[in-house]
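To start, the structure under review is shown below, and the notes come after it.
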């Protein structure tokens with residue numbers, strides 16, 4: 001799938017490093033699927049799954065040994081986002097800096113558009 005400027009999603013160096021470390025412990029060919037589904041305290045939430053195959057409509061992002069898949073429906077909500085990994089006093093987590101989100105909650109995985 002070709003990315004337009006509006007649908008561009010990026011993966012930070014920190015996130016790519018962490019994803020590559022996670023995938024290195026999985027069977028060869030494993031990829032991280034990031035998707036958006038209904039739920040969470042703000043209406044939509046991000047979901048992370050390790051998968052072994054991609055779908056025809058997936059956006060495929062590759063960086064530093066990490067492969068991230070985003071389906072076309074989720075991409076509508078995530079266009080312009082950066083997938084990041086944060087390691088601070090509160091803990092470690094993937095965070096998606098999404099310019100489309102009009103509201104979010106403290107958990108960092110739930111948002112509204």
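Residue numbers (UniProt numbering): 1 to 113. Even for Gly, the Cβ is constructed at its ideal location relative to N, Cα and C. Computed from a prediction, not measured in an experiment: that's the story for all the values here.
Figure out for me which residue from the options has the closest Cα to the Cα of residue i.
| i | options | result |
| --- | --- | --- |
| residue 17 | 66, 74 and 70 | 66 |
| residue 102 | 93, 78 and 94 | 78 |
| residue 76 | 56, 36, 10 and 24 | 36 |
Beta carbon of residue i, beta carbon of residue j: below 8 Å?
| i | j | result |
| --- | --- | --- |
| residue 50 | residue 32 | yes |
| residue 29 | residue 52 | yes |
| residue 98 | residue 74 | no |
| residue 84 | residue 95 | yes |
So what's residue i in DSSP terms, helix, strand or just coil?
| i | result |
| --- | --- |
| residue 81 | coil |
| residue 64 | coil |
| residue 8 | coil |
| residue 47 | strand |
Per DSSP, residue i forms a beta bridge with which residues?
| i | result |
| --- | --- |
| residue 91 | 88 |
| residue 39 | According to DSSP, which records beta bridges pairwise, residue 39 is partnered with nothing at all. |
If I'm right that residue i touches residue j with Cβ under 8 Å, what's the distance once you round it to whole angstroms?
| i | j | result |
| --- | --- | --- |
| residue 20 | residue 92 | With a Cβ gap of about 15 Å, residue 20 and residue 92 do not count as contacting. |
| residue 54 | residue 44 | In fact, because the Cβ distance is near 22 Å, the residues do not count as touching under 8 Å. |
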